[in-house]
Each structure stands twice: as C-alpha cells, then as structure tokens.
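Chemist:
Chains as they are written, first to last, in the working numbering: chain A, 1 to 642; chain B, 1 to 642.
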C-alpha cells in the first residue's frame with residue numbers, strides 16, 4: 001500500500017487565524033488603481049474624493065423667466081405695475097442659464113405679463129435680490145469632500161462625482177486570485193460529453209470559489225485541473241505565487257495517498273497550519289509561498305465552502321481593505337428545533353433552515369455531512385457550535401448566522417414532514433407569486449406532525465394509514481396532536497409501489513418476490529415504510545427474509561437512484577420517482593398525501609397562496625406530466641375535524 | 001419671447017403608476033436566455049432547474065481505506081482478528097473512489113493493521129454493510145429540483161449546479177435600456193478640457209441612470225447628448241424604441257422654451273402622464289412609443305433620481321421579473337428631529353440622515369432643493385410625506401425608508417452643529433478605522449447645541465464667543481443646556497477673518513472697509529455670524545451700511561465660492577476655506593472650535609475612536625496642510641465643567 005500522510009493537527013479556529021495572520025503580517029497590502037467614474041459602481045474608494053468644480057458652476061437661474069436688477073424693481077406693486085424693457089431692463093433666461101452682474105434676481109415666467117406689440121413685460125411685484133437664483137456652489141463647492149475613502153460607490157455618487165468635475169477616481173484594486181482544482185479524477189463540466197466516466201468527479205468547488213471571490217471584491221483566475229503529479233503542482237503553484245496576490249488550491253488538502261499539496265507547499269514555502277478543529281472543513285492548509293498567502297481547501301463541497309468563508313474571506317477582506325463587508329451574515333436568536341450533538345474536538349458549523357412560526361424564529365438543522373452540498377443550497381444560514389460545547393437541546397435558543405434576509409424568511413411557509421416531488425413543484429410556483437416562499441425539510445410523516453405540534457413548522461405533509469380503519473391521516477393526527485386545533489388541507493392521491501429495474505430482469509410480480517431481491521428501504525417514521533410494513537404483515541412476510549430491510553434512504557428519489565445505479569434491485573416508493581428515472585414500477589395501492597396545519601394559520605397570506613396553487617389548473621397540469629402517478633380531485637379542500 | 005409650454009398636470013403618484021401600468025398592460029414581458037452556469041452569478045432563474053446527474057454519481061468510498069464484503073468480515077473481533085488478502089478480499093480505495101458489487105462496505109485506513117512482508121491487512125472488528133460508503137445520489141438525485149425559478153444565483157448554487165451535471169441555465173435576460181441625455185448646454189464630462197465654458201452643464205444624470213439600471217438588473221445603452229432639436233430627438237427616440245426594451249430621456253421633460261420632449265413623444269407615441277404630484281420630480285413624462293415604455297425624467301439631479309426610483313424602477317422590475325428586489329429600502333420608525341412642512345399639492349420625498357442616539361433612531365431632514373444632489377449622497381434614506389399630510393412636527397415619530405444598513409447606522413457618530421472642513425477630514429479617517437462612521441449636518445453652533453439637548457446627536461461642534469468674558473463655548477453650553485451632564489472635547493484653534501478676492505483689488509484693510517464691498521454673510525445662529533456681529537459692534541459699524549448683510553450662505557466653503565465667482569467681494573469665514581479657493585484672507589482673530597458631548601457618551605467605542613483621531617499625529621499632519629489655518633495643541637483633551 002502507498003504511504004499515507006495521516007497526521008493533521010487540530011488547531012482551534014481562532015488560533016489558526018491568529019497564527020496565519022501573524023505569519024502574513026505586513027504582506028496583505030491592498031493595491032489601488034485609478035479608474036473612470038462611469039466604471040466605478042460598487043468599487044471602494046481608497047482615499048477621499050474632493051470636488052474639482054462647483055455645482056452650479058456659476059450663479060444660475062433656478063426658474064424659466066427673466067433676470068433683472070432687484071434694486072430697479074422696488075417700485076413695482078399690484079397698484080403700480082412696472083414695465084421692463086427687453087434688452088435693457090432684463091434678459092430672458094431658462095432654468096440653468098448663468099445670471100451675471102448687474103443682474104441679481106430672477107422673476108418667474110408665470111409672474112410676467114407680456115406687453116402687446118413688443119417684447120417688453122409688466123410686473124406687479126418687486127423682486128428681492130438673489131431670488132430664484134441658485135448661487136454658485138449651492139450643491140457642491142469646489143474643494144469640498146464628496147465622499148470619504150473606503151466608501152462603496154453607489155449610483156448617486158457617480159452622478160455627483162461628475163457634477164463635481166471628477167472623471168476618474170482612486171479605488172482599491174481587485175486582488176487577483178489564482179484558483180487551482182487538483183486531482184486526476186477531476187473533470188471540467190464543460191468537457192463532459194454527456195455522463196462522465198465512472199470514477200470521474202465533476203469539478204464544482206472552484207466554480208463556487210470564482211463566484212465567492214467575485215462577491216468578495218476579488219478577481220478569480222481559474223486554471224484547468226492539475227493532475228496528481230508532484231512536479232506539475234509545484235510548478236503551477238510556484239508560478240502563480242509570483243503572478244497573483246493569492247493562490248487557492250482545491251482538494252488534495254487532506255492526508256490521503258495522493259495528497260501532495262501539503263508536501264509541495266512545505267517544499268516551496270511555509271505551512272503555517274495543516275488541520276483545523278472545525279467540522280466540516282478540518283483538512284485545510286494555511287501556507288505562505290514567496291510572501292503570498294496560499295490556502296489549500298478540502299475537496300468535500302461543504303468543507304470547501306466553510307474553509308473559504310472561514311479562512312479565505314478574511315484574507316480577501318484584508319486585500320480589498322474590507323470590500324466584502326456587505327456579505328456578512330446577520331446574527332439572530334432562534335429556537336433550535338432538533339437536538340444538535342457536537343464533539344468537544346472541533347467547532348461545528350451546522351446548516352440550518354430558518355422560518356418564523358407564530359412569531360418565533362425557528363432554526364431546523366439540516367444534513368450535516370461534508371458532502372451534502374444540496375443542504376447548503378437549501379440552508380438559510382448556520383448555527384455554529386463552539387468547540388467547548390457538546391451541543392444544543394431541542395427547544396433551546398441559540399445564536400444563528402443568517403444569510404437570507406429577515407423579510408424573505410418572514411414570508412416563508414415552513415414545511416416539515418413527508419417528502420413528495422410535488423413540494424418542489426409548489427415551491428417553484430410560489431416563488432413566482434412574488435410574495436411567498438416555501439421551504440421544506442424531509443423528515444417523514446411522524447416527525448413532521450411532532451414538529452407541527454411543537455410550533456416549529458406551518459405545514460406537515462402526511463400520508464399515514466390507520467391500519468384499523470383503512471383511512472388516512474386524520475386518526476394519526478388526533479393521536480399525535482390530541483390538543484386539536486388542527487385541520488387538513490387535502491393534497492393528492494398518489495400511487496405507491498415497488499420501484500424496480502427497467503425491463504424487470506428479476507421478474508418481480510408481487511411484494512412476496514422482494515425476498516429474492518437486494519432491497520432498499522425508507523427510514524423509520526416515513527409513511528412509505530409504514531405502508532410497506534402494513535403490506536408485509538398482511539402478506540405474512542418476515543422482515544428478516546428481506547435483504548436490505550435495514551438499508552435506509554430518506555427520499556423516494558434516493559430509493560429510485562439506488563435502483564437505477566444497480567446497487568439495489570427494488571425499493572418502495574411513489575410512481576413519480578420511478579418515472580423520473582425511467583424505471584419500472586409495480587403499483588401496490590393509492591394513498592392520501594395531505595397537509596396538516598393549525599386552523600388559525602389558514603388566515604396567513606402565504607397559506608392562501610399555497611391553497612390557491614393546490615386548486616389551480618396550472619398545478620394539475622404539472623401533475624399530469626407524471627402520468628398515472630397522482631390524482632387531485634380534492635386538492636386544496638379544507639377538512640375540519642377537531 | 002418664445003412660446004412656452006406651461007401646462008403640466010398634477011396626477012397623484014399612485015394614480016400615475018396605475019395609469020401607466022394599465023397603458024403598458026401585456027407589453028412588459030421579461031425575456032429569457034440560456035447562459036453558462038459559470039457566468040450566472042446574481043442572475044435570476046426563469047424556471048426551476050433539475051439535476052441531470054446524481055452526486056455522487058455512484059456508490060463512493062467516504063474514507064480512504066479498503067472496500068470489503070461486509071458479510072465476509074462478521075467473524076472479526078478484538079479477540080479474533082481477521083486477515084484479509086489483498087486483491088481477493090479487498091480493494092484499496094481513496095475517498096471518492098467507486099465501490100462496486102460485491103463490495104458493500106469500506107474500512108478506514110486507520111483501522112487496518114498492515115501485515116509484514118505482504119499487502120494483506122488485519123482487522124479487529126467486523127464491517128456493517130454500507131458503512132463509510134456515500135450512496136449514489138446522497139447529495140443530489142438526478143431529476144430532483146436544485147433551485148426554483150425566480151431565484152438569484154449564489155456561489156453555492158453554482159457549485160451544486162455543476163455537481164448536478166448542469167452547465168447552462170435559463171435566466172431572465174437583462175432588458176436593454178436606451179438612455180438619452182438631452183439639451184444643447186449639456187456636455188459630456190469626458191470631453192471637458194479642464195473647466196467647462198460658462199453656461200455648459202456637465203452631464204451627470206444619465207451616468208447615474210446607467211448605474212441604477214445595472215443595479216436593477218438591466219443593461220444601459222447611453223447615447224451622446226442630443227441637442228435641443230426636434231427632429232434629432234424624434235429620430236433618436238423612434239429608432240431606440242425599435243431596438244431597445246425601454247427608453248429613458250433625461251431633461252427636457254419640464255415645460256420650458258426648449259422642452260421638445262413631450263411634443264416629440266406626442267407625435268411618435270402616446271403620452272400617458274405629464275406631471276406628477278411629487279416633489280422633487282414633478283415634471284416627469286410617462287409615455288409609450290411603438291409599444292415600448294418611454295420615460296422623460298427631469299433635469300435636476302434629485303428630481304431625476306426620484307423619477308427613476310418611482311417610475312423607472314417598477315418598469316424595470318416588471319421587465320426583469322422582479323430582479324431588483326434586493327435594493328428595496330427597509331422601513332423603520334424614527335424620531336424626526338426638525339419640523340417638516342409639506343404642501344397638500346404633492347407627495348414630498350424629504351432626504352434624511354439617520355443615527356441612533358441613546359437607543360432612539362433619529363432622522364434629520366437634509367436640504368430639500370431639487371438641485372441639492374450632495375444631500376442625496378449624504379442621505380441615509382427618505383421620509384415620504386404623503387400628499388394628504390401637511391408635514392411632521394419636530395419630535396414626532398414617522399416611518400422612514402432606509403437605504404443604509406441598520407448595522408452601519410448603529411456605529412455612526414451623529415454630528416450636528418457648526419461646520420468646519422476638519423469634520424470631513426475626521427470622517428475620512430474614521431471610515432478607515434473600520435468600526436465607526438461620522439455623519440455631520442451643518443446647522444450652526446446654536447442649533448447644534450439644541451439638537452444635543454434634545455438627544456438628537458452625539459456631538460455638537462461649537463465656536464461660540466461669550467462677549468462678556470471673551471471666553472469660548474462653556475458659558476453658552478451652560479446657558480443652552482442648564483441641566484448639565486455635558487463636557488467639552490477640545491478641538492482646534494482656528495483663524496477667522498475676511499475672505500477676499502485674490503490680489504485684494506478693492507484694497508480692503510480692515511473690517512470697516514466691508515462697507516464698500518458686496519458682502520456675503522453666514523446664516524443666523526452660525527458662530528461665524530456671532531463673531532462678525534461682535535466685531536461690528538466693537539467697531540461701531542451699522543449693519544444697514546453693509547450691502548449683502550442679509551445675503552446668507554450656510555458654510556465657509558459656500559462663502560469662499562461666492563467670492564471666488566465674483567458675485568461677492570468679501571465674506572466672513574475661516575482661513576482654510578480661503579486657502580482651498582486660493583483667495584486672499586485678512587485674519588481678524590483666533591477662535592476655539594470644540595465639541596460638546598454628553599459625558600456618558602465618552603464610553604462609546606465610536607467616541608473613543610473620534611478622540612483618538614483628534615490626538616493623532618496623522619490628523620495634525622493633515623491640519624498642517626492648511627498652513628496657518630489651525631492650531632491643535634489641546635485637540636482631544638476633555639474639559640469637565642458641570
């Protein structure tokens with residue numbers, strides 16, 4: 001076996017930052033450049049900008065009318081009008097025209113009476129000196145400061161800079177960051193014909209870095225993936241350290257067989273920290289090559305994201321003189337909906353989904369794996385569990401970091417419970433309504449009802465069969481939320497059954513045949529699992545005879561994916577999931593997939609939009625695309641029962 | 001005299017919007033385009049995006065180690081280790097490598113004992129099936145929705161889209177907006193040699209529009225200024241309406257001599273509204289040419305800005321499917337510090353400066369003229385006075401619209417009182433401190449102390465001479481804030497005197513000579529005016545003998561600008577203002593320019609930074625640049641007296 005480089009340190013986050021910034025002391029100097037004002041939007045000034053010219057540039061008429069000598073009009077009044085001679089007593093002026101000595105006042109066109117047969121005018125009132133004249137510099141005085149340094153240029157600043165005679169300004173340059181994907185197995189998505197070869201990994205992290213760097217005010221220079229070759233990597237990084245302000249290397253920062261990065265950096269520079277007490281994100285490398293910061297980031301997408309936010313962002317901030325202030329999260333107190341256990345070995349960044357339910361801000365922890373990038377897409381922020389904490393109990397308050405605006409969170413329907421593809425369809429339709437969002441977490445029917453009971457969600461999607469009566473949902477809701485106050489919004493009828501290989505090579509005919517399959521099951525508490533157990537019991541099939549009864553997937557789509565890949569022969573799920581993967585399907589029954597809500601939440605604007613969508617033709621049309629998967633004759637109907 | 005087109009309507013804002021959007025009904029259809037994912041940052045999806053590939057693409061090792069058949073390891077335990085044969089019982093895998101049937105588990109490298117003299121390994125524990133394997137689709141399942149439509153692409157979305165095999169996505173196109181500056185007197189700043197000819201106006205509004213359009217998700221196409229020529233304008237607008245999604249025309253929207261715009265639009269299209277009941281911004285034209293929205297905006301910068309925000313933004317929002325949501329202001333309740341009087345004739349947009357003083361959000365109205373663009377630069381937002389309201393009393397609460405973040409406002413020192421150039425210097429230095437801002441409003445010493453007393457500012461800069469004792473500031477503070485609790489932070493000694501023409505053509509020697517000048521004075525309540533009155537009294541000079549005693553400017557710089565322009569021969573002010581304009585100066589005395597603050601505010605972090613700056617060598621160095629204008633030996637010293 002190849003030699004492995006297993007030794008990572010476990011330096012606490014703050015200590016790692018301190019060590020790194022100490023090593024970089026005096027090296028992170030923001031550069032500046034002079035750019036045209038019309039290209040300066042959102043750039044940060046590196047020094048104060050002073051007006052070159054006054055605005056107005058001269059004493060200017062503030063109205064359309066005539067310029068006069070105020071002292072020559074003192075006799076004019078209603079009872080004693082005064083005639084002013086054109087070309088002698090006044091000059092016609094438009095708004096903005098200069099007014100010169102000896103003229104020192106403007107009379108509005110509306111206050112003039114035109115004399116017949118001449119250009120002369122009559123006035124009924126005297127003018128006071130300097131009336132309707134904008135004095136030179138009224139708006140901007142030459143030499144005065146228009147904006148300070150370290151100011152982010154807005155549209156209005158651009159207008160005023162031009163008015164003040166400024167056509168170019170000094171701003172902080174965008175630091176140039178070289179970004180290297182590494183790894184022989186890495187392929188660029190643009191080079192993918194259709195489906196990549198097995199073993200290939202689509203390069204995505206450095207694409208994310210490019211965008212993060214742009215948001216942080218830097219400029220990314222992304223290179224083609226560098227294969228796992230010591231000398232290639234060494235040459236690439238060494239050259240980049242000469243040419244750019246910073247170098248980022250993705251993957252190869254752990255301690256695996258092919259992880260050259262840390263060895264390369266030790267040879268050509270200095271490794272300050274290798275391994276930080278954070279999760280995800282531990283195998284980060286903080287190094288310095290030729291006096292430039294070089295950071296090695298882990299390959300798992302969530303680790304890569306957090307390594308960027310935690311270590312790359314502060315360096316970029318120093319290189320841009322704080323230009324990326326605006327993407328800082330808001331800190332808020334929230335109720336944590338599910339227990340979070342964390343180790344004393346590291347600081348943990350738990351992704352959370354936030355929502356406001358009955359006035360309380362609720363944060364629900366999402367998937368915690370370093371590979372679960374979708375959970376970052378779905379997250380509204382993080383709950384950071386400090387290294388010296390063992391976690392947070394359900395129902396406790398904790399500080400969360402929110403990346404989504406409070407306003408958006410306030411108009412989000414929080415959906416917690418059973419998973420169905422139609423939730424995504426509804427979320428999409430709600431986003432087009434403009435006034436509401438829908439955010440769903442998939443925990444199964446039972447856990448959804450528990451969340452609803454605890455006031456942690458607005459809607460709990462359920463499909464729970466009462467074995468005694470053969471009816472759906474209502475009896476279970478009564479059992480789990482005995483205090484009542486709940487009603488049901490009818491959803492869809494949906495077909496459950498066996499998702500099997502295309503062409504049915506194992507010739508599966510009925511549920512009994514799963515005893516000769518590699519099966520994949522759903523997690524405990526999922527309505528689909530209850531449905532399977534109900535059928536198994538009815539058919540007298542022993543659980544222990546099923547290979548894979550304990551192998552769990554958490555969504556219908558994950559079951560279908562496993563069957564599609566060949567790692568399972570059959571799984572229980574909904575017809576639409578089989579359809580999406582073009583697999584065969586053996587229907588076993590239709591169930592009722594509905595939405596439990598508190599009755600008083602029906603008054604919420606967002607809930608009205610939700611119900612409106614359920615009843616809409618557009619929604620039914622979208623369901624029809626999954627042929628024979630759904631029925632919707634009662635969708636959106638309210639059932640009161642408590 | 002030329003014919004004038006005086007008739008503007010006065011349609012209320014909401015009614016104007018309704019009329020316009022009714023006329024545009026069905027015409028504002030957002031277009032879409034397909035773009036590469038790597039270029040999609042901050043763009044808005046036009047439809048939901050579904051994963052094309054699963055991630056991982058196959059069952060993959062989650063650890064570096066070996067892939068085994070779990071069932072073949074069941075006998076392994078501490079007391080009964082099991083040797084696994086290389087190439088037979090296991091395969092070496094790195095994190096991310098595919099794991100195939102018959103292998104169904106991974107054992108970590110750390111749990112292996114290498115056998116000497118072979119590649120075989122020993123294990124002390126059995127493996128459970130599917131351990132340390134990331135199942136296919138664990139993160140993303142092919143066919144699942146990654147993001148909804150109408151979603152603004154973030155860096156993390158880009159990463160996950162690539163992981164899901166997506167390389168291009170459908171987004172809303174950026175609408176193309178043609179922007180025409182108009183007016184013969186308008187010149188492009190880029191064409192300015194040095195100082196424009198008198199009568200020329202530097203084009204700035206459409207530069208601001210370009211930036212506003214960019215922020216709103218559109219693409220601006222700005223044309224060279226169109227002179228006041230009916231046919232030229234007609235041809236330009238008519239052609240642009242064919243080629244672009246919208247046309248903006250700046251200036252020429254009022255009813256002056258040369259205002260062809262409305263006539264042109266009537267000829268080639270339909271004018272829906274001309275004149276809206278808002279201030280500033282009344283002379284707006286809402287029109288439609290060849291089924292495209294065409295908006296004529298006023299020439300005054302603040303009017304142009306507000307016309308854009310009020311009418312152009314909603315049209316752009318429709319054309320971008322709401323892409324500019326993020327620049328909506330926050331609405332907050334604030335105490336209005338000064339009385340705002342407004343007419344029932346229009347809705348008024350009053351610029352405000354906001355600050356948090358003693359926990360209260362305070363909004364101070366700024367200059368209200370349509371030409372006062374600098375006040376927009378300095379503003380934090382607006383207080384909108386509805387058409388049916390006559391205004392707001394000082395001390396009343398009102399809803400304000402904030403464009404600056406609460407966080408920034410919370411770390412801003414609010415400075416209200418006398419004006420000096422050093423306030424800008426300090427503001428600039430504070431912005432580089434990173435943790436504090438300084439926002440000053442210039443109302444004169446007296447009004448500043450009143451604001452401090454009412455708890456509307458943190459700092460009141462004062463230079464008030466007590467004529468009886470000849471001492472500065474403290475006696476006045478005691479008189480105006482008898483309740484005490486105030487201390488003084490010493491500022492600078494500064495030289496006051498007469499600002500006169502370069503070369504002193506009128507041979508002014510002393511204060512008595514201003515009787516043969518055109519003078520310009522400061523406003524009532526300004527310390528400089530008190531100082532003038534003190535000297536005039538001492539010298540027995542009659543106010544009525546001074547031509548211009550009642551002509552007021554509100555800053556030292558405005559006084560200097562008036563003298564520089566030749567519209568006044570002399571004014572009273574500080575040496576640094578004369579220096580800035582390269583004017584002559586006759587010193588009349590040194591005064592003490594200090595800062596009154598509540599003693600308990602000395603504990604504020606921002607106040608500590610302020611004092612630190614006053615004491616710094618860097619600050620003294622900057623003062624020295626205005627040779628002989630300032631002394632600073634006590635700057636930053638605290639004087640307790642109550």
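Note that beta-carbon positions come from the ideal geometry of N, C-alpha and C, so glycine has one too.
Suppose you measure from the CA of residue 283 of chain A to the CA of residue 276 of chain A; what does that come to, to the nearest Å?
Modeler: One C-alpha to the other measures close to 7 Å.
Chemist: For the region 155-168 of chain B, list every residue whose C-beta sits within 9 Å of some C-beta in chain A, in sequence order.
Modeler: Under the 9 Å Cβ criterion, the region 155-168 of chain B contributes 155, 156, 157, 158, 159, 160, 161, 162, 163, 164, 165, 166, 167.
Chemist: First and last residue of the alpha helix (DSSP H) that includes residue 301 of chain B?
Modeler: Segment 301-307, the alpha helix (DSSP H) holding residue 301 of chain B.
Chemist: Among B/278, B/98, B/489, which one has its Cα closest to the Cα of residue 348 of chain B?
Modeler: With distances taken between Cα atoms, residue 348 of chain B lies closest to B/278.
Chemist: How is residue 655 of chain B classed by DSSP in three states: helix, strand or coil?
Modeler: Examination of residue 655 of chain B is not possible in this model, given that chain B is present from 1 through 642 alone.
Chemist: If you measure beta-carbon to beta-carbon, which residues of the region 132-144 of chain A are closer than 7 Å to chain B?
Modeler: Within the region 132-144 of chain A, the residues whose Cβ lies closer than 7 Å to some Cβ of chain B are 134, 135, 136, 137, 138, 139, 140, 141, 142, 143, 144, listed in chain order.
Chemist: I need the straight-line Cα distance from residue 266 of chain B to residue 290 of chain B, nearest angstrom please.
Modeler: Each residue's alpha carbon lies about 12 Å from the other.
Chemist: Please go through the same chain and pick out, in chain order, the residues whose beta-carbon is closer than 8 Å to the beta-carbon of residue 166 of chain B, but skip the five residues on each side of it.
Modeler: Excluding sequence neighbours, residue 166 of chain B sits near 37, 49, 51, 52, 146.
Chemist: Where residue 2 of chain A and residue 299 of chain A are concerned, what is the direct C-alpha to C-alpha distance, given to the nearest angstrom?
Modeler: In this prediction, residue 2 of chain A scores a pLDDT of 39, lower than 50, which makes its location untrustworthy; the coordinate-derived value is nonetheless stated afterwards. Distance between the alpha carbons of residue 2 of chain A and residue 299 of chain A: 20 Å.
Chemist: Taking the straight line between their C-alpha atoms, what separation do you get for residue 580 of chain A and residue 473 of chain A?
Modeler: C-alpha separation (whole angstroms): 27 Å.
Chemist: In this structure, does DSSP put residue 153 of chain B in helix, strand or coil?
Modeler: Coil at residue 153 of chain B, not helix or strand.
Chemist: Using 7 Å as the threshold, is the C-beta distance between residue 226 of chain B and residue 182 of chain B below it?
Modeler: Yes, Cβ-Cβ distance for residue 226 of chain B and residue 182 of chain B is below 7 Å.
Chemist: Is residue 424 of chain A close to chain B? Criterion is C-beta to C-beta, closer than 7 Å.
Modeler: Yes, residue 424 of chain A counts as interfacial toward chain B.
Chemist: Give the single residue among B/261, B/33, B/344, B/286 whose Cα lies nearest to the Cα of residue 389 of chain B.
Modeler: The candidate whose alpha carbon is nearest that of residue 389 of chain B is B/344.
Chemist: With a Cβ-Cβ cutoff of 7 Å, do residue 488 of chain A and residue 596 of chain A count as a contact?
Modeler: Their beta carbons are under 7 Å apart, which means residue 488 of chain A touches residue 596 of chain A by this criterion.
Chemist: Rounded to the nearest angstrom, how far is the Cβ of residue 515 of chain A from that of residue 545 of chain A, given a contact under 8 Å?
Modeler: Indeed, because the Cβ distance is near 5 Å, the residues count as touching under 8 Å.
Chemist: Can you tell me whether residue 339 of chain A is buried or exposed? The criterion is at least 16 other CB atoms within 10 Å of its CB, across all chains shown.
Modeler: With fewer than 16 Cβ atoms within 10 Å of its Cβ, residue 339 of chain A is classed as exposed.
Chemist: Between which residues of its own chain and residue 401 of chain A is the CB-CB distance below 7 Å, once the five residues before and five after are set aside?
Modeler: Cβ within range, chain order: 329, 331, 381, 382, 384.
Chemist: Smallest Cα separation from residue 97 of chain B: which of B/372, B/76, B/132?
Modeler: Closest option to residue 97 of chain B, Cα to Cα, is B/132.
Chemist: Would you kindly report the start and end of the unbroken beta strand (DSSP E) that includes residue 519 of chain B?
Modeler: Residue 519 of chain B -> beta strand (DSSP E) spans 519-522.
Chemist: Tell me the DSSP secondary structure of residue 168 of chain A in three-state form.
Modeler: Strand, per DSSP.
Chemist: Thinking just about the alpha-carbon of each residue, which of B/500, B/268, B/636, B/522 is nearest to the one in residue 586 of chain B?
Modeler: Out of B/500, B/268, B/636, B/522, B/500 has the C-alpha closest to the C-alpha of residue 586 of chain B.
Chemist: Work out the CA separation of residue 533 of chain A and residue 480 of chain A for me, nearest whole Å.
Modeler: Taking the straight line joining both Cα atoms gives about 20 Å.
Chemist: My guess is that residue 171 of chain A and residue 46 of chain A are in contact by the Cβ rule of under 8 Å, so how many angstroms apart are they, rounded?
Modeler: Rounded, the Cβ-Cβ distance is 6 Å, consistent with contact.
Chemist: With a Cβ-Cβ cutoff of 7 Å, do residue 650 of chain B and residue 593 of chain B count as a contact?
Modeler: Residue 650 of chain B lies beyond the range of chain B shown here (1 to 642); nothing can be said about it.
Chemist: Measure the CB-CB distance between residue 370 of chain B and residue 280 of chain B and report whether it falls below 7 Å.
Modeler: For residue 370 of chain B and residue 280 of chain B, yes; Cβs fall inside 7 Å.
Chemist: Is it true that the CB of residue 228 of chain A sits closer than 7 Å to the CB of residue 261 of chain A?
Modeler: No, the Cβ-Cβ distance between residue 261 of chain A and residue 228 of chain A is not below 7 Å.
Chemist: Figure out for me which residue from A/554, A/605, A/572, A/576 has the closest Cα to the Cα of residue 137 of chain B.
Modeler: The residue with the shortest Cα to Cα distance from residue 137 of chain B is A/554.
Chemist: Would you identify the three-state DSSP class for residue 604 of chain B, choosing helix, strand or coil?
Modeler: DSSP places residue 604 of chain B in coil when its eight states are reduced to three.
Chemist: For the region 213-224 of chain A against the region 357-367 of chain A, do three or more pairs of beta-carbon atoms, one drawn from each stretch, fall closer than 8 Å, so that the two count as touching?
Modeler: The answer is no - the region 357-367 of chain A does not touch the region 213-224 of chain A, with fewer than three Cβ pairs under 8 Å.
Chemist: Just reading off the alpha helix (DSSP H) that residue 527 of chain B is part of, what are its end residues?
Modeler: 527-538 is the span of the alpha helix (DSSP H), which, as asked, contains residue 527 of chain B.
Chemist: Which residues does DSSP pair with residue 84 of chain B in a beta bridge?
Modeler: Paired residues: B/121.
Chemist: How is the beta strand (DSSP E) around residue 460 of chain A delimited, first residue to last?
Modeler: Where residue 460 of chain A is concerned, the enclosing beta strand (DSSP E) stretches over 459-462.
Chemist: Over what stretch of residues does the beta strand (DSSP E) that includes residue 377 of chain B continue unbroken?
Modeler: Residue 377 of chain B -> not in any beta strand (DSSP E); alpha helix (DSSP H) instead, spanning 373-378.
Chemist: Could you check whether the Cβ of residue 3 of chain B sits closer than 7 Å to any Cβ belonging to chain A?
Modeler: With a pLDDT of only 43 at residue 3 of chain B, under the threshold of 50, the placement of this residue in the model should not be trusted; the figure read from the coordinates follows. It does not; no Cβ of chain A falls within 7 Å.
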